[in-house]
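Accompanying notes for the structure given below.
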Amino acid sequence: MFNTKSLIFNQSKSSVKLYDNNYVLMNLAIENNLNIPTQKLLNEVLKENYLPEQKEKIIDLLLDLVNKNYKSVLESNKINLADKELVIKLSNSEDKKFLEKDVYYFILNSKTTQQQNQTNDPEAILLSNKDKSIQFTITKDPFISANKLGKAIQNNKFDIKRLSSETLFGHNEDGANTYRIPGIIKLKNGTLIANADKRYDNLKDSGQNITQAIKFSYDNGRTWTKPKEILKVQIPSLNNQGLVIDGVMQEIEYLDTSTNTKKTKLLFLVDLFPAKFGINNLKPGNPWVTIDNKNYLKLWTRNNSKLEGNSLLERVVGTQNWYRRVTLKNGKNFNNVTSSDLAPTNDYVDLNYHTETNTITGIVYNNIQSKSELIKPQLLESKKSNYSVLDNGENSKYLIGVNDYIVSIESYDDGQTWTGLNWIYDDSFSKLYKDSKFIGTAVGNPIQLKHQKDSKLNGRIIVPVYGYYGTTSYYIYSDDFGRKWNVWYDAPKNPGNLTESSMIEANDGTIYWLRRNTKGGNHLISISTDGGNTWINPDENDREKNQKKNQFAKNSNTKKNNHGNVFSGIGYFNLKEKDYFIFSTPKKQRRDGSLYIADKTFNDVVEVFDYDFSNKNQEEHFVYSYALTIGQTDEYVDVVVVYESSSKTKIPDNKQPHDSGRTLAEEIQVDRFRIWLKDQK
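Quick note on numbering: the working numbering labels position 183 of the sequence shown as 183, and the sequence is numbered without any gaps.
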């Protein structure tokens, strides 16, 4: 402890800049003769580490210096504060990085932006000098954003503060017209990875070049890297374009048998379509056939102008994904063939994932004399044809089934490089293909079970999937860390309108399954307490039971339904020994999005933030979204939400609302929130 009479503050350096014409960001480099960093000294004062008279003296000196110097800095830089919000950071040196964690900022003119983005800020402190002639509000993580839309909703359960709101994947960013289908995960090392469809030409789901892109954040979502493409299909006849859509991702813990140690990898699954087809172009039927417990891809070859189903593709043993074309004997078809009916050819197909280019091509190579030629690049290049089995069916010479294929890749370096393409299929899938011409990822990220009472289930990977045309949601699962997969079918009385979905495992092992309801109304929720084997399911024949048990209750504030005909990725946190679930949905047809928190019964659903609040424009797009808990203390949780929206920061308030037709988003936003329980602060 020291004598405050000897304390002297001095301002040594300063910097100031305008941000979005709404903020003035100022760094005051204030030093003291005790050589204690100013922020550290401020923290100690606020923690009551000083006697009252010492605390009062320090605050008086500091406020007086801040008050005098911010005015002189504004004047010397010819900045008129007017109604702009002033955010001051105290530092002993100029910082290139203005926003930092656990740093107090001095705020002026905060009645609009800061208060609009919070119901209350338990971290905010009003500092006054002795005669109260100088007052500043200080807080951690002030809201600084070009996004003017959004408002925290007063409620009796939670306090919420939006920490930031930025465009994550922007319209026309990196050559892509649109980014859609957002996902996000947090790795054990703290890195956040967001993924999205990179749609080059327009908003549509098909008929264009669509690749998979990711971004990294190394500071808990404050800043993000440039987009990195991790998977694309390059079909020569289609200008090296193709289509992979609806990627999902998770960090998986696995056992490295070579060292008998637990390690982690990233598992990324995605839907791959031949040509640039979409669901409406697909043909019914199973594109695979199983012979003697071995899976083959069906292959059609063109004879003059007609495509004939007279071949199969057999994976070449000892390679990752080279396939050899084998023909069927006369009179045989895909339904009655045995292994003795197959005749090998010298045609080979490259269905590998090429790590150096992140591509799949499906190119056909002719006149291969032995599989040893597959590892001789120059010789192999001389036998390369102009065809791919992923070509457009109208002019292709070879074509696999016009279906959707689920494939996966893996990363062992936290997403920097990818490898290990797996064409996912098991004979258990055959029933799904019988019921539907499409089996795809349900947009929700995989989960790996960790808290099951039956310990044999821990480590299982579950991936939500869904069918099309009258079918419903299912899931596939793997017990060997993602190499072999099976289908969970048992969905009695599941209405056929449940499609895209997300899952979360709570700390007690209960699995919550949130599903899109294409018939409108609210999303539907199912619960499993036995690792996903049985579920409390919606009953389509019992309207009262369906409404009471499995649809969200109307939200507690507005008493209105949420719009359930979009995907919503569910997040989870346990605070003060209670389970809560967080998710976002539009309140009407793909517009007017809000953030909600539900208890574990889903009967108490509270709206905590309105993303699209504006006095002039309340018609912003709001489509798919994902919520994720990224940090927690005993008092609060930090949550990040990625969501599809119209180009918020580029649409002036005086413009007319968007057209009333079907609204697909143009870009993806990322918002960070801090949430407290009101009765437990």
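Heads up, the beta-carbon is just placed ideally off N, CA and C, and yes, glycines get one too.
- Along the segment 1-71, the beta strand (DSSP E) occurs as fully enclosed runs of 3 or more residues at 9-19 and 23-32, listed in sequence order.
- Look at LEU74 here: in three-state DSSP terms it is helix.
- In the structure shown, GLU373 falls within a helical segment according to DSSP collapsed to helix, strand and coil.
- Setting aside the 5 residues that flank it on each side, ILE630 is surrounded in the same chain by LYS186, LEU192, ASN220, GLY221, ASP638, VAL639, VAL640 and ARG672, each with a C-beta closer than 8 angstroms to its C-beta; the list follows chain order.
- Counting every other CB atom within 10 Å of its CB across the protein chains shown gives ASP256 a total below 16, marking it as exposed.
- The three-state secondary structure of LEU203, taken from DSSP, is coil.
- Ranked by Cα distance from GLY278, the options TYR468, THR338, LEU90 and LEU449 are led by TYR468.
- The DSSP-derived three-state label of ILE230 is strand.
- For GLN114, the enclosing alpha helix (DSSP H) covers residues 113-116.
- Assigned with DSSP and collapsed to three states, ASP634 falls in coil, not helix or strand.
- In this structure, ILE214 lies away from LEU243, with their beta-carbon atoms at least 7 angstroms apart.
- Put simply, the backbone Cα of THR139 is about 25 angstroms away from that of ASN77.
- Where SER584 is concerned, the enclosing beta strand (DSSP E) starts and stops at 578-588.
- Pairing THR518 with TYR466 gives a Cβ-Cβ distance that is not under 7 angstroms.
- Taken in chain order, the whole beta strand (DSSP E) runs of length 3 or more contained in the segment 258-291 are 261-273 and 288-291.
- The beta carbon of SER411 lies closer than 6 angstroms to those of LEU266 and TRP418 in the same chain, with the five residues before and after it left out.
- The three-state secondary structure of ASP102, taken from DSSP, is coil.
- The Cβ neighbour count for GLY520, taken over all protein chains shown within 10 Å, is under 16; the residue is labelled exposed.
- PHE136 and ILE184 have their C-alpha atoms roughly 37 angstroms apart.
- Nearest neighbour of LYS384 by Cα position, chosen from GLU356, GLU56 and VAL349, turns out to be VAL349.
- When C-alpha distances from ARG199 are compared across ILE675, ARG674, GLU666 and VAL289, the shortest belongs to GLU666.
- Check the Cα spacing between THR119 and each of LYS157, LEU86, ALA194 and PRO377: the tightest is with LYS157.
- Between ASP480 and the set GLN39, LEU351, LYS456 and MET503, the nearest pair of CA atoms involves LYS456.
- Excluding the 5 residues flanking it on each side, LEU108 has same chain C-beta neighbours closer than 6 angstroms at LEU86, in chain order.
- With respect to the 7 angstroms criterion, ARG302 and LYS397 are classified as neighbours on the basis of their beta carbons.
- For the pair of segments examined, the segment 284-292 was found not to touch the segment 480-489: the number of CB pairs separated by less than 8 angstroms stays below three.
- Between ASP391 and ILE570, the beta carbon gap of about 39 angstroms keeps them out of contact (Cβ cut-off 8 angstroms).
- Taking the Cα of ASN574 as reference, the smallest distance to any Cα among TRP513, TYR636, VAL606 and ASN603 is reached at TYR636.
- With fewer than 16 other Cβ atoms from the protein chains shown falling within 10 Å of its own Cβ, VAL317 counts as exposed.
- Taking a C-beta distance under 7 angstroms as the contact criterion, TYR104 and LEU42 qualify as a contact pair.
- In the displayed model, PHE613 falls within coil according to three-state DSSP, outside both helix and strand.
- At the C-beta level, ALA196 and PHE169 come within 7 angstroms of one another.
- Taking all protein chains in view, the Cβ of GLY175 is surrounded by fewer than 16 other Cβ atoms within 10 Å, so the residue is classified as exposed.
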